[in-house]
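Numbering-wise, the sequence shown is residues -16 to -1, 1 to 103 according to mature numbering (1 follows the signal peptide of the UniProt record, and there is no 0).
All C-beta atoms in this analysis are idealised placements derived from N, C-alpha and C, irrespective of residue type, glycine included.
Take a look at the structure below.
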Amino acid sequence: MKVFVGILALAASALAAPQNFQAAAEARIKQTQFALSQPIVPDVPGLDAHFAAEAQVLAAQGRVPGSIVHSGQEARVLQAQADLIALQQEQQVAFTGLVGPSGVIGPSGLVGPAGPLAL
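Laid out in structure tokens, this is it:
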């Protein structure tokens, strides 16, 4: 009886872990999408006058006005891409070994010795 309870507890924890991991991954992606949707420069009174003065200075230096804001936007996208790649690598490590030697996964996510298990 103890062995049966132990196996049942192990199966329950194995099924719960990927679901919790999936929810955390979805939350992380939603957080990144929200961060990307926010403006890079806040709406502050007098900011337009500052940007106009900054554009004059950049033009005098031979640089393209607006390049600083654009560089900030590029950096945000590159950071989001790096976060997504890191998340994919974490998932790959977390789910390595869940597929049995047959390579077939059943609807329950478990693979038995004779093929997928339907629970």
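Go through its chain and collect everything with a Cβ distance to residue i's Cβ below 7 Å, but skip five positions before and after it.
i, result
"Q6", "none"
"S55", "none"
"P49", "A39, L42 and A43"
Residue i by DSSP, collapsed to three states: which one?
i, result
"Q15", "helix"
"Q22", "coil"
"V28", "coil"
Can you list, in chain order, the residues of its chain whose CB lies under 8 Å from that of residue i, leaving out five sequence neighbours each side?
i, result
"L20", "R60, V61 and A64"
"Q75", "F5 and A9"
Compute the Euclidean distance between the alpha carbons of residue i and residue j, then round it to the nearest angstrom.
i, j, result
"V77", "A70", "11 Å"
"D32", "K14", "31 Å"
"D67", "Q17", "11 Å"
"residue 107", "Q73", "Given that the chain is displayed from residue -16 to residue 103, the structure contains no residue 107 and the question cannot be resolved."
"P37", "P26", "According to the sequence as given, residue 37 is Ala; it is not Pro. In a straight line, the C-alpha of A37 is about 17 Å away from that of P26."
Residue ranges of each beta strand (DSSP E) within the segment 35 to 74, 3 or longer: none
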